[in-house]
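>
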Amino acid sequence: WQRNGNAEQSGAMSGRGNNNDGPSFPNPNSSPTVEKAMSEAEDAANRVLSGEQTVHLTPQRSYIRRLQHLLGQRYNVASVSQGREPERSVLFYRV
-6 WQRNGNAEQS GAMSGRGNNN DGPSFPNPNS SPTVEKAMSE AEDAANRVLS
44 GEQTVHLTPQ RSYIRRLQHL LGQRYNVASV SQGREPERSV LFYRV
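In the numbering used here, the protein residues as written are -6 to 88.
1) Tell me whether V83 sits in a helix, a strand or coil according to DSSP, three-state version.
2) Which of the three DSSP states, helix, strand or coil, is assigned to R54?
3) To the nearest angstrom, report how far apart R81 and S72 are at their CA atoms.
4) Would you kindly report the start and end of the unbroken alpha helix (DSSP H) that includes S23?
5) So, helix, strand or coil for Q46, using DSSP?
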């Protein structure tokens, strides 16, 4: 995941939203979806580093949760997924 990725390019690579052959559906891997979830994770990691014991993130699908766990590792924040699909979410906590 890269925060400064080119959303236009990722849309072109997905083959969605760039033709006039029918309705365009949002790409769940699109930059805005991932950006929002990763921004939330980054804010949560900073909150934990600033002293909060635990921070629950919004439920996400497995791919985004995996990215959030990786971000937590980068910030040296512990993380665990909790709940059942489709409400499964990441929890960041202090070690």
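Idealized CB from N, CA, C, for every residue including glycine.
So, from the data block:
1) strand
2) coil
3) 13 Å
4) From DSSP, S23 is part of no alpha helix (DSSP H); its letter is neither H nor E.
5) coil
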